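Numbering (the working numbering), first residue to last: 27 to 559. Where a beta carbon is used, it is the ideal one built from N, C-alpha and C, also for glycine. Predicted, not measured: the structure shown is a model, and the values here were computed from it. Reviewing the structure listed below.
In structure tokens form, the structure reads like this:
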């Protein structure tokens with residue numbers, strides 16, 4: 027974290043950026059600002075003047091390294107600024123200001139070159155008193171500024187003023203149980219256009235990406251520190267999703283510099299997921315037991331955990347296959363231990379099962395796919411027949427509780443879960459299972475539309491935004507045919523209509539699809555299930 031803070035600060039401009047940051051740092055340390063930095067004002071060598079009860083602090087701010095030119099090579103050089111303070115500012119002090127200790131700090135987001143070391147030391151030694159007033163001159167380089175920022179624990183003053191309120195909200199509410207994604211999404215959405223507007227300027231691009239990296243990781247660090255690591259994962263996911271959309275829309279995919287930043291954002295996603303996996307490892311090894319709430323909360327919690335693990339496991343297929351298989355085995359361990367997973371809480375919970383099936387398919391664990399499909403479909407069929415219970419269609423906890431307690435009148439008019447299971451049965455070519463479910467789907471669920479969702483390549487950019495399943499793509503109802511061969515022919519025809527290849531497949535980042543589906547609660551494509559990838 028220290029390195030990225032340093033990189034970000036090193037790119038700040040002297041005026042209206044670095045000066046504002048330094049002013050905020052000293053204000054947080056208890057100083058009172060006597061002036062606000064403002065471009066165009068005559069300052070007589072002083073960029074910012076502050077005071078406390080015992081000290082008058084004068085800041086001289088420069089951008090970059092202090093070399094011979096910056097030290098004493100122009101009318102705006104450091105030495106000329108110090109001399110102007112000596113000749114004008116000191117002579118203009120009030121009586122009260124003269125009673126305080128006077129400290130002058132030359133601050134820069136660079137370093138002091140070795141070539142001016144003797145000049146600096148001589149100047150400081152020869153200027154310890156001006157007009158009878160003791161003077162202390164100090165240097166504050168980038169490492170000192172970074173240290174101050176770290177001590178202030180990444181406060182929001184690192185960023186532009188429009189960000190301050192958003193950062194306060196994002197950090198203040200982070201330890202609440204119902205932390206809302208809008209707190210960090212607004213921050214990322216505000217920063218993404220700055221990256222897009224950087225144009226061909228590598229410096230501006232780096233600065234905008236650094237700011238987004240720093241803001242997002244600040245939130246992640248806070249979240250992890252209060253034990254809410256899943257928020258850190260979600261923030262990292264959202265940065266990657268929005269950044270990929272920017273690359274896609276601006277034809278920057280494949281550009282080395284842009285992809286370098288994608289790698290950085292992905293590395294953060296990996297780090298926070300590894301912390302989460304470490305916590306879940308204790309559950310898999312049974313040293314920690316999942317909390318026991320009511321039956322619906324138990325299933326919601328388990329599917330949430332399985333969703334995070336399955337999404338990360340699919341991501342790892344592009345990065346580290348061995349680690350992906352470890353994560354997959356953790357998933358199977360949890361499912362074996364907590365078999366209430368089989369009764370999905372929500373209709374959209376099929377998305378988590380598809381993520382798991384895609385992992386199993388990659389490792390050619392076909393028999394486990396078939397077993398899980400049979401186990402879950404058979405259980406859901408029996409739950410409906412015996413108790414008239416089914417996964418909540420609107421994907422809300424309240425509705426799931428109504429169905430569980432039989433306290434409402436939730437209607438069962440449509441189901442993506444059954445639509446996608448029919449599609450999965452087609453891909454794994456399970457004629458026997460199709461026949462086993464055929465009567466139930468045709469009779470008991472005859473009035474329930476079994477739906478699947480397809481997105482075309484022409485609408486890909488919609489996929490990176492919320493509500494894509496409502497605003498784009500096409501919903502297709504899957505009919506249960508009289509025999510399996512007819513069903514297969516119909517499904518084959520449907521699938522050929524939507525056999526598009528998306529940008530994340532072209533650029534070898536297929537895990538992005540799963541990440542997006544986990545984040546927005548979309549349903550991944552099924553076409554990778556049942557065949558070795």
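From residue i to residue j, what distance separates their C-alpha atoms?
| i | j | result |
| --- | --- | --- |
| residue 497 | residue 375 | 20 Å |
| residue 425 | residue 259 | 27 Å |
| residue 213 | residue 45 | 23 Å |
| residue 310 | residue 324 | 16 Å |
| residue 469 | residue 416 | 16 Å |
| residue 119 | residue 157 | 11 Å |
| residue 385 | residue 296 | 17 Å |
| residue 399 | residue 526 | 26 Å |
| residue 57 | residue 168 | 21 Å |
| residue 37 | residue 54 | 22 Å |
| residue 223 | residue 291 | 19 Å |
| residue 165 | residue 303 | 45 Å |
| residue 330 | residue 228 | 39 Å |
| residue 74 | residue 88 | 12 Å |
| residue 382 | residue 336 | 6 Å |
| residue 194 | residue 457 | 57 Å |
| residue 514 | residue 211 | 42 Å |
| residue 179 | residue 232 | Model confidence at residue 179 stands at a pLDDT of 48, short of 50, so the residue's coordinates are unreliable; what they give is reported in the following sentence. Going by the C-alpha atoms only, they are around 23 Å apart. |
| residue 102 | residue 70 | 11 Å |
| residue 512 | residue 519 | 11 Å |
| residue 453 | residue 553 | 7 Å |
| residue 433 | residue 371 | 16 Å |
| residue 392 | residue 437 | 35 Å |
| residue 305 | residue 352 | 14 Å |
| residue 254 | residue 510 | 47 Å |
| residue 347 | residue 201 | 34 Å |
| residue 281 | residue 275 | 13 Å |
For the candidate residues the options, whose alpha-carbon lies nearest to that of residue i?
| i | options | result |
| --- | --- | --- |
| residue 112 | 196, 33, 538, 72 | 72 |
| residue 492 | 504, 547, 131 | 547 |
| residue 171 | 162, 141, 133 | 133 |
| residue 272 | 336, 216, 52 | 216 |
| residue 185 | 35, 288, 77, 255 | 35 |
| residue 419 | 79, 432, 440 | 440 |
| residue 257 | 221, 301, 279 | 301 |
| residue 483 | 338, 532, 358 | 532 |
| residue 542 | 508, 437, 486 | 486 |
| residue 266 | 397, 247, 294, 166 | 294 |
| residue 204 | 249, 164, 188 | 249 |
| residue 539 | 438, 390, 431, 268 | 268 |
| residue 367 | 388, 322, 347 | 322 |
| residue 412 | 430, 397, 148 | 430 |
| residue 408 | 174, 471, 51, 107 | 471 |
| residue 428 | 320, 148, 516 | 320 |
| residue 287 | 276, 234, 317, 277 | 234 |
Bridge partners of residue i, per DSSP?
| i | result |
| --- | --- |
| residue 129 | 83, 162 |
| residue 156 | 159 |
| residue 59 | 76 |
| residue 480 | 500 |
| residue 134 | 88 |
| residue 440 | 475 |
| residue 418 | 372 |
Going by the beta-carbon positions, is the gap between residue i and residue j smaller than 8 Å?
| i | j | result |
| --- | --- | --- |
| residue 261 | residue 242 | yes |
| residue 506 | residue 467 | yes |
| residue 555 | residue 451 | no |
| residue 551 | residue 333 | no |
| residue 326 | residue 199 | no |
| residue 159 | residue 150 | no |
| residue 476 | residue 504 | yes |
| residue 238 | residue 252 | no |
| residue 76 | residue 59 | yes |
| residue 192 | residue 245 | no |
| residue 338 | residue 299 | yes |
| residue 279 | residue 435 | no |
| residue 28 | residue 189 | no |
| residue 380 | residue 549 | yes |
| residue 354 | residue 389 | yes |
| residue 31 | residue 316 | no |
For the ligand ATP, I want to know if residue i counts as a neighbour, meaning its beta carbon is within less than 7 Å of at least one of the ligand's heavy atoms.
| i | result |
| --- | --- |
| residue 38 | You won't find the ligand ATP in this model; it holds no ligand whatsoever. |
Within 8 Å (strictly less), CB to CB, does residue i reach chain D?
| i | result |
| --- | --- |
| residue 168 | Absent here is chain D; the protein component of the structure consists of one chain. |
- Is it a yes or a no for the segment 457–469 touching the segment 396–406, going by three-plus beta-carbon pairs under 8 Å? Yes, since at least three Cβ pairs between the segment 457–469 and the segment 396–406 fall closer than 8 Å, the two stretches touch.
- Item | Inter-stretch contact (C-beta, 8 Å, three-pair minimum) for the segment 338–352 and the segment 435–444 | No contact exists between the segment 338–352 and the segment 435–444.
- Could you tell me whether the segment 124–132 touches the segment 76–91, using the rule of 3 or more Cβ pairs below 8 Å? Judged by Cβ distances under 8 Å, the segment 124–132 makes contact with the segment 76–91, as three or more pairs qualify.
- Message: Across the segment 90–99 and the segment 132–148, are there enough close Cβ pairs to call them in contact, namely three or more that are closer than 8 Å?
- Response: Between the segment 90–99 and the segment 132–148, the count of C-beta pairs closer than 8 Å reaches three or more; the two stretches touch.
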